[in-house]
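The sequence shown begins at 235 in the working numbering and counts up one residue at a time.
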Amino acid sequence: MSVQLFNKAGGATIGVVSDEEFQSLADLLEEESTTDSDYFIDQNVVDDLEAAGAPASLVSLLRTAVGDTDGIDVGWRAA
Numbered sequence: 235m236s237v238q239l240f241n242k243a244g245g246a247t248i249g250v251v252s253d254e255e256f257q258s259l260a261d262l263l264e265e266e267s268t269t270d271s272d273y274f275i276d277q278n279v280v281d282d283l284e285a286a287g288a289p290a291s292l293v294s295l296l297r298t299a300v301g302d303t304d305g306i307d308v309g310w311r312a313a
């Protein structure tokens, strides 16, 4: 199974990641509550994910999605 990541601001798909890649994202980031369904990602978060050993493919995908913005809210759903 895989997980689709999307930009919550407009619903645009960021990409599809494996369960393992998504689990590494979930393990490294904090959810604000049990009903939380997104993560705020900026370049600092991407750098932290990379330093913590997140898969290079996930880091690259998120770095591209954030681009030169101040950050984005990334949601997910089963793909």
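Beta carbons: idealized from backbone N, C-alpha and C, even for Gly. Computed from a prediction, not measured in an experiment: that's the story for all the values here.
In this model, Ile248 and Phe240 are separated by some 5 Å (Cα to Cα). Ser236 has Ser252 as its beta-bridge partners, per DSSP. Cβ-Cβ separation between Met235 and Asp253: approximately 6 Å, consistent with a contact (criterion under 8 Å). With contacts defined as CB atoms closer than 8 Å, Val300 and Asp272 fail to qualify as a contacting pair. Residue pairing by DSSP puts Gly309 in a beta bridge opposite Phe240 and Asp272.
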